[in-house]
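Chains D and X, in that order, are what the protein sequence lines are. Using our numbering, you'd call the opening residue of the first sequence number 1 and step up by one each time. Using our numbering, you'd call the opening residue of the second sequence number 367 and step up by one each time. C-beta: ideal position from N, C-alpha, C; glycine also. Predicted model, so just to flag it, every value in this text is computed and none were measured.
Number of protein chains: 2
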Amino acid sequence: MSTDDTGRPGTGTASGAPAGTGTVGIKQVASHAGVSPGTVSNVLNRPERVAAATRARVEQAILELGFVRNGSASTLRAGHSSTIGLMVLDLANPFFTDVARGVEDVASERGYAVILSSSGESDEREQRNLRVLAEQRVRGVLLTPVGDEGDGADGLRDRGVPVVLLDHPTPRANQCSVAVDDVAGGELAVRHLRDAGARTLGFVTGPPGLRQCAGRRRRALRALRDAGLGRDVLREVPVGAMNARAGQEAARRLLESGDPLPEAIFCANDLLALGVLRVLLQAGVKVPADVALIGYDDIEFTAAAAVPLSSVRQPTYQLGRIATELLLEECDESRGHAHQQVMFQPELVVRESSRAAAEDREITQA
Amino acid sequence: MSTDDTGRPGTGTASGAPAGTGTVGIKQVASHAGVSPGTVSNVLNRPERVAAATRARVEQAILELGFVRNGSASTLRAGHSSTIGLMVLDLANPFFTDVARGVEDVASERGYAVILSSSGESDEREQRNLRVLAEQRVRGVLLTPVGDEGDGADGLRDRGVPVVLLDHPTPRANQCSVAVDDVAGGELAVRHLRDAGARTLGFVTGPPGLRQCAGRRRRALRALRDAGLGRDVLREVPVGAMNARAGQEAARRLLESGDPLPEAIFCANDLLALGVLRVLLQAGVKVPADVALIGYDDIEFTAAAAVPLSSVRQPTYQLGRIATELLLEECDESRGHAHQQVMFQPELVVRESSRAAAEDREITQA
DNA sequence: CAGCGGGGTTGACACGTTTTAATCCGATGT
DNA sequence: ACATCGGATTAAAACGTGTCAACCCCGCTG
Chain D
1 MSTDDTGRPG TGTASGAPAG TGTVGIKQVA SHAGVSPGTV SNVLNRPERV AAATRARVEQ
61 AILELGFVRN GSASTLRAGH SSTIGLMVLD LANPFFTDVA RGVEDVASER GYAVILSSSG
121 ESDEREQRNL RVLAEQRVRG VLLTPVGDEG DGADGLRDRG VPVVLLDHPT PRANQCSVAV
181 DDVAGGELAV RHLRDAGART LGFVTGPPGL RQCAGRRRRA LRALRDAGLG RDVLREVPVG
241 AMNARAGQEA ARRLLESGDP LPEAIFCAND LLALGVLRVL LQAGVKVPAD VALIGYDDIE
301 FTAAAAVPLS SVRQPTYQLG RIATELLLEE CDESRGHAHQ QVMFQPELVV RESSRAAAED
361 REITQA
Chain X
367 MSTDDTGRPG TGTASGAPAG TGTVGIKQVA SHAGVSPGTV SNVLNRPERV AAATRARVEQ
427 AILELGFVRN GSASTLRAGH SSTIGLMVLD LANPFFTDVA RGVEDVASER GYAVILSSSG
487 ESDEREQRNL RVLAEQRVRG VLLTPVGDEG DGADGLRDRG VPVVLLDHPT PRANQCSVAV
547 DDVAGGELAV RHLRDAGART LGFVTGPPGL RQCAGRRRRA LRALRDAGLG RDVLREVPVG
607 AMNARAGQEA ARRLLESGDP LPEAIFCAND LLALGVLRVL LQAGVKVPAD VALIGYDDIE
667 FTAAAAVPLS SVRQPTYQLG RIATELLLEE CDESRGHAHQ QVMFQPELVV RESSRAAAED
727 REITQA
């Protein structure tokens, strides 16, 4: 059968690798190496089962023909692909970027590809993108759910696709999750601010619609209570987003309210804190002498800020790594897999922005 | 049809779609709707060819059975998938993050999924990940190549996979590319610094092995020459990475060298600039009074820095959008597609860090 | 009334791979 | 020398969808 379907109206007219060959599949490799397609498949998937001599011959043929396996056909036949889905809330947030790096590294090590999706904190987009992932027959999904309940992925789980919740503790025992102890983090921050001498506290938080924010707010309140302080010393400043601009907005509101500034401000997010910091400094407020400031996430830029920001560090990269390892484990041995809820402990990182006035004689040493 | 799956999100097990059903494919839908598989396929792909009545019936069946099309089979049969690959240099860089957002938005709009890869500025990883993309039979690839020559993707192009170069102008006419005019950007920055009164210039640049850095260095030199300045006024400070830590390192080296500081510093990257800024401020150097400072990329954090950083803005998000649109266009109508090299013009963003002492009477307006 | 045309629908095949059962061949044990 | 065994290889049957030619039905025209 002389299959010369070369009538390609193709654009880029061939160069480099053996071009012109319509599509080089397992069959072409087989005939070129003088074996059957089945053997080629074996070379690809269970090299140990094929004699060294033939294996070499096949590998040679693969190289010469520039064959790359067709993932679709493979997936179709095997029933599962070698890609995993990663759905984050916001790509622009360095927190998720770090997580994604961890995910990508592990996945890449194991030969998995990562399909990255961003829900943009929208329920509807989350659903739409999850559907795309389902169509792609991803092997599993790492999901930072938008809603409180992680049930947006129930559809996937019912279809037998493992789902690991990211940065979201789950009450349900029938799924894996990886998260950081938010309550402990809030406690660390609030206790630290109190220890630094603050009697009144401002709390800058994102839109309450966001699960993340709701959670962090609850956690802050609880930490306050645990610290023996009443809600009356707390001043909440809700803002519309979780970025630096919103932080500036929040600080302006605090300044213009006429009330005295709180002695310390806890921001639900480093981006917010950076914005707050800038406006305070511009207004001549001294940080931390007048107002102590602490953020959350410990993104890279906090350390580089004019007054280096205290923050609560989360093992973001590790978060991604562990979650991926958990997911791949669940994929590989779904039989004996025991779901586990991993909870990391956050770590307080104290920098200039919140050092007690007592211990810092010379902050900005210029 | 007693569909009792109405609003019962509470019960953990078995909810949503009919569970237990092995795999629901096009056939099951067909028999459930009393039509042939071919018709179901038509409903999915060419709805206009099927009568309204049957279409409704089929759609109903799809809904009831919770059918989602098997992308692998679809791809296999159709010969091309509905995913595109995006390979960036470094996920941790907000520049690429922004680009990725643009890509994701457009792709998502058109029903494409995005497979995100990071080469981590490593040639070997680029090759490995491109191979994975090839296996996945992506419809096309957006690539920010590591090497000077964008030939790492030639293998893909030969296989008929459209490749659009991202943030990398190409000399070759047989491919699309989207980039920002680096030379113009360098000129903007250098000219601006000179206009602000700087006579000597420091240039902090990343590892020369990186194409990005090599390019930006060349561009800076050229801009200098165009500005009528000799190389003798230039002081180069190469560093090992493109992040804030490296910037701090660079600034320290400048300070400790004993030579007088340059009157202005141009950083190849905002992250570097942030690091430089911090160290300068700590050392008591006034910005911009003593040293003017400008970065590149205009990432979000520059505006929020203690001394807001001047920068050269690139339309990052747009970069991603346009590149994706170009790619999808090339995919859809590969016949009549004319390759084009899009070149954006960068924009100078002047903030406090580089205002001439003359023009700023009152910078901090609070 | 016969022929015709066309929209709607159908079957069946092909896509490239994995996998299972069957086949082949040389070597081993008696 | 024959039966047997085991490793290496093969042939063929799926996997779920898209495509295309064929087909059917019905109304319309000559």
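Enumerate in chain order the residues of its own chain whose CB-to-CB distance from residue i is below 8 Å, with the five nearest sequence positions on each side excluded.
i: Ala-607(X); result: Gly-572, Pro-573
i: Arg-131(D); result: none
i: Asp-259(D); result: Arg-235
Where DSSP assigns a beta bridge to residue i, which residues make up the other side?
i: Cys-267(D); result: Val-204(D)
i: Gln-707(X); result: Ser-543(X)
i: Met-453(X); result: Ser-483(X), Leu-509(X)
i: Arg-330(X); result: The question about residue 330(X) has no answer, for chain X in this structure spans 367 to 732.
i: Arg-679(X); result: Asp-663(X), Glu-713(X)
i: Leu-165(D); result: Leu-143(D), Ser-177(D)
i: Ala-292(D); result: Ala-264(D)
Compare the C-beta of residue i with all C-beta atoms of chain D and state if any pair is closer than 7 Å.
i: Leu-559(X); result: no
i: Arg-505(X); result: no
i: Gly-518(X); result: no
i: Gln-746(X); result: An answer regarding residue 746(X) cannot be provided, because it is not within the stretch 367 to 732 covered by chain X.
i: Phe-667(X); result: yes
i: Ile-688(X); result: no
i: Glu-487(X); result: no
i: Arg-717(X); result: no
i: Val-498(X); result: yes
i: Ser-484(X); result: yes
i: Ile-481(X); result: yes
Shortest alpha-carbon distance to residue i belongs to which of the options?
i: Arg-69(D); options: Phe-96(D), Asp-167(D), Thr-23(D), Arg-57(D); result: Thr-23(D)
i: Ile-428(X); options: Glu-615(X), Asp-598(X), Phe-461(X), Gly-400(X); result: Gly-400(X)
i: Gly-613(X); options: Val-570(X), Ile-660(X), Leu-647(X), Leu-595(X); result: Val-570(X)
i: Gln-684(X); options: Leu-714(X), Met-453(X), Met-709(X); result: Met-709(X)
i: Val-653(X); options: Tyr-662(X), Val-642(X), Val-469(X); result: Val-642(X)
i: Ile-665(X); options: Thr-463(X), Ala-689(X), Leu-410(X), Glu-695(X); result: Thr-463(X)
i: Ala-268(D); options: Arg-225(D), Val-190(D), Arg-351(D), Ile-322(D); result: Val-190(D)
i: Val-673(X); options: Leu-693(X), Asp-663(X), Gln-648(X), Thr-682(X); result: Gln-648(X)
i: Glu-249(D); options: Gly-230(D), Ala-227(D), Asp-226(D), Ala-273(D); result: Ala-273(D)
i: Ala-323(D); options: Ser-117(D), Ala-179(D), Ala-134(D); result: Ala-179(D)
i: Ala-444(X); options: Glu-347(D), Ala-73(D), Arg-252(D); result: Ala-73(D)
i: Gly-594(X); options: Leu-637(X), Asp-561(X), Ser-488(X); result: Asp-561(X)
i: Phe-461(X); options: Gly-451(X), Ala-610(X), Pro-681(X), Arg-618(X); result: Pro-681(X)
Enumerate in chain order the residues of its own chain whose CB-to-CB distance from residue i is below 7 Å, with the five nearest sequence positions on each side excluded.
i: Asp-548(X); result: Gly-581, Arg-582, Arg-585
i: Pro-403(X); result: Ile-392, Lys-393, Ala-396
i: Gln-345(D); result: Asp-181, Ala-184
i: Thr-75(D); result: Ser-81, Arg-137
i: Ala-671(X); result: Leu-640, Leu-643
i: Ser-311(D); result: Asp-270, Ile-294, Gly-295, Tyr-296, Asp-297, Asp-298, Thr-302, Val-349
Closest Cβ-Cβ distance between residue i and chain X: below 7 Å?
i: Gln-136(D); result: yes
i: Ser-31(D); result: no
i: Thr-75(D); result: yes
i: Ala-19(D); result: With a pLDDT of 47 at Ala-19(D), under the threshold of 50, the modelled position of this residue cannot be trusted, and the question is left open.
i: Arg-355(D); result: no
i: Val-68(D); result: yes
So which residues on chain X does residue i lean against when the C-beta distance must stay under 8 Å?
i: Gly-275(D); result: Ala-670
i: Leu-91(D); result: Thr-463, Ala-466, Arg-467, Glu-470
For residue i, which residues in chain D fall below 7 Å Cβ to Cβ?
i: Gly-437(X); result: Glu-135, Gln-136, Arg-137
Could you list which residues in chain X have their beta carbon closer than 7 Å to that of residue i, in chain order?
i: Asn-269(D); result: What Asn-269(D) touches in chain X: nothing, since even the nearest Cβ is about 12 Å away.
i: Ser-81(D); result: Ser-438
i: Ser-41(D); result: The contacting residues do not exist; Ser-41(D) stays about 14 Å from chain X at best.
Name the chain D residues that come within less than 9 Å of residue i, Cβ to Cβ?
i: Arg-644(X); result: Ala-303, Ala-304, Ala-305, Ala-306, Pro-308
i: Ser-543(X); result: The contacting residues do not exist; Ser-543(X) stays about 14 Å from chain D at best.
Going along chain D, which residues have a C-beta under 8 Å from residue i?
i: Asn-609(X); result: Glu-300
Looking only at its chain, what residues have a beta carbon closer than 6 Å to the beta carbon of residue i, apart from the 5 residues adjacent to it on each side?
i: Thr-566(X); result: Val-599, Pro-628, Glu-629
i: His-703(X); result: Glu-696
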